[in-house]
Ligand SMILES: NC(=O)c1ccc[n+]([C@@H]2O[C@H](COP(=O)([O-])OP(=O)(O)OC[C@H]3O[C@@H](n4cnc5c(N)ncnc54)[C@H](OP(=O)(O)O)[C@@H]3O)[C@@H](O)[C@H]2O)c1
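Residue numbers (our numbering): 37 to 297.
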């Protein structure tokens, strides 16, 4: 995939499309989450990532409403904490209430509960999907073996797996394993866990008049990895979205992939 526009989407299960780049909100308190989401929507992001555990769903929901961008034009992800197993239905109802929405676009199992795949939790997720409380369901921090366990137990694969991902952890086998199960890869902590001073990234960034952060995010986009960078600062929220006016060459993509070797 070569992402050419800022509104590029990736198709996930059930005919749902997720915008390739989203705005992450982990560690943003309510005020920063509100101003960050307002800035992101103003700049053009149409995908916001939150979680019950981030304790900012109410601020995220208010920012979406106040933005003037229609609810139907914003893709909202939230997540169920692993410690809430057995209380999945209450948890999504609380998320919907805090966000002030009738449904979310994607609901994720935040971590494997007790480090287990937990098919019962997945069954509760399927129920929430069938009840229209979420348009799609997925997991986060799951291994391929755990995903297979869910598929074996229910016949339904997660639409997406949200995992730590950046050029330095790039793993072609993981990409192939997810692809063969039709599970879309969504990367988190793309910048924080990267070496932004790496000379390969610096050289490629200089060749395009971009920053190393933008090269990393563009690398995600070109591979079709959904990515959700986070910043408190408007100028960086803007910088992280300004990745659709340049393309990486095949040679550059290969050099960046090799950072994960
Ligand atoms: N599912 C999970 O378990 C999980 C775990 C972690 C994260 N996530 C999700 O993924 C999102 C992104 O991951 P993350 O927040 O861990 O990390 P990240 O987006 O990789 O990095 C955020 C950090 O990088 C800085 N930054 C942002 N843009 C920058 C730029 N252009 N140049 C240099 N520094 C920049 C930010 O500082 P400033 O704010 O000062 O700009 C912040 O300290 C989260 O917000 C959350 O939504 C999910």
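Here a beta-carbon is modelled for each residue, glycine too, at the ideal position from N, C-alpha and C. Here the structure is a predicted model, which is why all the values come from computation and not from measurement.
(request) Measure the C-alpha to C-alpha separation of residue 103 and residue 42 and round it to an integer number of angstroms. (result) As a working mapping, residue 103 is identified with position 67 in the chain shown. As a working mapping, residue 42 is identified with position 6 in the chain shown. For residue 103 and residue 42, the distance between alpha carbons rounds to 18 Å.
(message) If distances are taken between C-alpha atoms only, which option among 197, 236, 246 and 218 comes closest to residue 264?
(response) For this step, residue 264 is matched to residue 228 along the chain shown. Ranking the options by Cα distance to residue 264, first place goes to 197.
(message) Using a Cβ-Cβ cutoff of less than 7 Å, which residues in the same chain neighbour residue 188 once the five nearest sequence positions on both sides are dropped?
(response) For the purposes of this step, residue 188 is taken as the residue at position 152 of the chain shown. Closer than 7 Å at Cβ, skipping near neighbours: no residue.
(message) I'd like the span of the alpha helix (DSSP H) that includes residue 72, first residue to last.
(response) For the purposes of this step, residue 72 is taken as the residue at position 36 of the chain shown. Here the alpha helix (DSSP H) through residue 72 covers 66–79.
(message) I'd like to confirm something about residue 76: is its beta-carbon nearer than 7 Å to some heavy atom of ligand 1, or not?
(response) Mapped onto the chain shown, residue 76 falls at position 40. Every heavy atom of ligand 1 is 7 Å or more from the Cβ of residue 76, so no.
(message) So, at 6 Å on beta carbons, what are the nonlocal neighbours of residue 69 in its own chain, with the 5 sequence-adjacent residues on each side left out?
(response) Sequence index remark: in the chain shown, residue 69 carries index 33 (1-based). When the five nearest sequence neighbours on each side are left out, the beta carbons in the same chain lying within less than 6 Å of the beta carbon of residue 69 are those of 61, 92, 95 and 96, in order along the chain.
(request) Have a look at 272, 54, 274 and 125 and flag the residue whose alpha-carbon is nearest the alpha-carbon of residue 145. (result) Stepping through the chain shown from its first residue, residue 145 is reached at position 109. Looking at the Cα atoms, 125 is the closest of the given residues.
(message) Contact between the segment 244–253 and the segment 79–92 is defined here as three or more beta-carbon pairs at a separation below 8 Å; is this criterion met?
(response) no
(request) Per DSSP, which residues does residue 222 bridge with? Please list them. (result) Your numbering for residue 222 matches position 186 in the chain shown. The partner list for residue 222 (beta bridge, DSSP) reads 198 and 262.
(message) I'd like to know if the segment 110–127 and the segment 154–173 are in contact, where contact means that at least 3 CB-CB pairs between them fall below 8 Å.
(response) Counting Cβ pairs under 8 Å, three or more are found: they touch.
(request) Quick one: grab the DSSP three-state call for residue 231. (result) Position 195 of the chain shown, counted from the first residue, corresponds to residue 231. Reduced to three states, the DSSP call for residue 231 is coil.
(request) Could you have a look at residue 157 and say whether DSSP puts it in helix, strand or coil? (result) Within the chain shown, numbered from 1, the residue matching residue 157 stands at position 121. The answer is helix: DSSP assigns residue 157 an H, G or I state.
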